[in-house]
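Below: one structure, written as structure tokens.
2 protein chains.
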Amino acid sequence: MTGKLFVVGTGPGSPEQTTPEALAAIAASHVFFGYGPYLDRLSLRDDQRRVASDNREELARAKDALMTAASGEAVCVVSGGDPGVFAMAAAVCEAIEAGPPAWRALEVTMVPGVTAMLAVAARAGAPLGHDFCAISLSDNLKPWTVIEARLRAVAGAGLVIALYNPISKARPWQLGTAFAILREELPWTTPVIFGRAAGRPDENIRVVSLADADPATADMATCVIIGSHETRVIERPGLAPLVYSPRSIGEPK
Amino acid sequence: MTGKLFVVGTGPGSPEQTTPEALAAIAASHVFFGYGPYLDRLSLRDDQRRVASDNREELARAKDALMTAASGEAVCVVSGGDPGVFAMAAAVCEAIEAGPPAWRALEVTMVPGVTAMLAVAARAGAPLGHDFCAISLSDNLKPWTVIEARLRAVAGAGLVIALYNPISKARPWQLGTAFAILREELPWTTPVIFGRAAGRPDENIRVVSLADADPATADMATCVIIGSHETRVIERPGLAPLVYSPRSIGEPK
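Line order of the protein sequences matches chains A and B. According to the working numbering, the stretch in the first sequence is residues 1 to 253, in order. According to the working numbering, the stretch in the second sequence is residues 1 to 253, in order.
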């Protein structure tokens, strides 16, 4: 009996944004590992069982999933959004590299999904319309000095910035400090988008200037997008503004 | 009669990676604008018509689509991947900003999709497992000096790099020059992934070192992912290697 492991992204939250490939991987699996709220979104059959764990236990969850797959089960590790973006795919790879040789022989399939920044960007217009980056603001896994250097480098180079994991109870000051750093690198009129729960019933998209960006607007479910020098806001009568980053910069050839 | 405009991402190419939301927007539309090969992927009804245009006519296509929507039609602009990543969403916003006031009153809905770098990353392991960026290598819309400065900034800052539009007949030398620049900034052992047509029957994923990266491996349908200092390769017996970027860096707290 040969086990297998799917690492699946279910998209930003709405079932309308989950791919058929993700649903097929879920249908083919029997044991599900993931953060409880992500597992809650699944409609499992009687022959499928779930093992929920906390948001900060990714490596232990990955090991448990690999051990279960190695025992011959069809296992699914579930991430919201895309599993390769600040989610379970890297944790599974870390566990495989550090684990027993048998884990390297397992069939492992990563199933991509619509990651949060794409869903938020779509709701706001086209803020990621030119070069952009995704940076996790969590300093649990890297020093804050690295995060600060990266923010300055990418803002200075003109990339739009999508911030994942912007704030939590255990990390209350990082987002405010990030805004303070970015106010040294970018015009204070730069558009900032707070995109919460994009595509879900409790969706909330707010657009402010970098000068007015208040960390209290964000929570753990928020993706924050900070424009570049080029990012623009189109006001529309009776409709939400469109925020976009033009495709061209400087002197096009 | 009020027109509306959908700007839809159909994902990397496999129907299994197209979201229900994208299919619903397509079903609700009557006139389709897009690059021919993207329109060819759709199964349209008799009451739906298509207007194909060339890959380099995004702004003209956006204007035509807006004009048609303003005339009262339900219009769909189709992109592969995600429409907000080097695709039609920004072109539509540019056209709205420069166009007649009536275009600002149109209902415009961007529908996100799985963008190429996520599909390629999933096939390779988890190369985007920590901070990363997406940079278009096309110097049609920005000067090459800007691209070079961005490559140096992001490589120096430790971000994984996904290159879109790496090469074309009209832009034959840019990818080789980008590799030469990155060899000055990164170890020559850094993993490089050439991901072509991820999720499609003609999919081809190749992993080489930065030292061995050959621009001739890429074509217009390729997304090239270049690792950071941290990116690792797990060799597996009888299976493709897993390329991943660990979630942590330096001294985790």
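Note that the Cβ used here is the ideal one computed from N, Cα and C, for glycine as well. From a predicted model like this one, the values you see are computed outputs, not experimental measurements.
Between B:ALA162 and B:PHE194, the C-beta gap is not smaller than 8 Å, which leaves the two residues out of contact.
In the three-state scheme derived from DSSP, where H, G and I count as helix and E and B as strand, A:LEU59 is classed as helix. DSSP places A:ARG236 outside any alpha helix (DSSP H); the residue lies instead in the beta strand (DSSP E), whose first and last residues are 232–236. Relative to the Cα of B:LEU210, the nearest Cα in the group B:VAL224, B:ALA221, B:THR190 belongs to B:THR190. Against chain A, the CB of B:ASP82 has a partner CB under 8 Å away; the residue lies at that interface. For B:ASP131, the nearest CB of chain A lies under 8 Å from its own CB, placing it at the interface with that chain. In the three-state reduction of the DSSP assignment, B:VAL120 falls in the helix class. When C-beta distances to chain B are compared with 7 Å, the residues of the stretch 86–103 of chain A below that value are ALA89, ALA90, ALA91, CYS93, GLU94, ILE96, GLU97, in chain order. The alpha carbon of B:ILE226 has as its nearest neighbour, out of B:GLY238, B:ALA180, B:MET220, the alpha carbon of B:ALA180. Counting only residues of its own chain and dropping the five nearest sequence neighbours on each side, B:VAL7 has a CB closer than 6 Å to the CB of VAL77, PRO83, MET88, ALA89, VAL92, MET110. Annotation for B:ASN165: PHE86, SER136, LEU137, SER138 place their beta carbon closer than 7 Å to its own, counting only its chain and skipping 5 residues before and after.
Rounded to whole angstroms, the Cβ separation of A:LYS142 and B:SER71 is 52 Å, and the two are not in contact under 8 Å. In this structure, the alpha-carbon of B:ASN204 lies about 12 Å from that of B:ALA240.
Under the 8 Å Cβ criterion, the stretch 19–34 of chain B does not count as touching the stretch 120–132 of chain B, having fewer than three qualifying pairs. Contact holds between the stretch 98–117 of chain B and the stretch 59–75 of chain B, because three or more Cβ pairs, one in each stretch, are under 8 Å apart. Under the DSSP assignment, B:MET110 falls in the beta strand (DSSP E) whose first and last residues are 107–111. Scanning its chain for C-beta atoms nearer than 6 Å, with the 5 sequence neighbours on each side dropped, one finds around A:TYR38 the residues VAL78, GLY80, in chain order. Excluding the 5 residues flanking it on each side, B:GLU230 has same chain C-beta neighbours closer than 8 Å at HIS130, GLY158, SER245, PRO246, ILE249, in chain order. The three-state reading of DSSP puts A:ILE249 in coil, since its state is none of H, G, I, E or B.
A:VAL114 is positioned such that its CB atom lies closer than 8 Å to that of A:PRO12.
Residue state for B:THR19 is assigned as coil, using DSSP reduced to three classes.
Here A:SER29 is buried: its Cβ has 16 or more other Cβ atoms, across all protein chains shown, within 10 Å. Contact with chain A is absent for B:GLU184, since none of that chain's Cβ atoms lies less than 8 Å from the residue's Cβ. In chain order, PRO191, VAL243, TYR244, SER245, PRO246 place their CB closer than 8 Å to the CB of A:ARG232, counting only its own chain and leaving out the 5 sequence neighbours on each side. B:ALA27 sits exposed, since fewer than 16 C-beta atoms from the chains shown fall within 10 Å of its C-beta.
Contact between A:GLU185 and A:ALA155 holds: CB atoms are separated by about 4 Å, below the 8 Å threshold. The Cβ of B:GLN17 sits closer than 8 Å to at least one Cβ of chain A. Contact check for A:ALA198 and A:ALA149: beta-carbon distance about 29 Å, past the 8 Å limit, so the pair fails to qualify. The beta carbon of A:LEU42 is closer than 8 Å to those of THR10, ILE26, PHE32, ARG50, VAL78 in its chain, skipping five residues each way along the sequence.
Counting only Cβ-Cβ distances below 7 Å, A:VAL77 has no contacts in chain B at all, with the closest Cβ about 12 Å away.
Look at the stretch 148–182 of chain B: the residues with a C-beta under 8 Å from a C-beta of chain A are ALA149, ARG150, ALA153, VAL154, GLY156, ALA157, GLY158, LEU159. Taking C-beta separations shorter than 8 Å and ignoring five residues to either side along the sequence, the partners of B:ARG200 in its chain run PRO12, GLY13, SER14, following chain order.
With fewer than 16 other Cβ atoms from the protein chains shown falling within 10 Å of its own Cβ, B:GLU57 counts as exposed.
The shortest CA-to-CA distance from B:PRO187 to any of B:PRO172, B:ALA213, B:ASN140 is the one to B:ALA213.
Between B:TYR38 and chain A, the shortest Cβ-Cβ separation is not below 8 Å.
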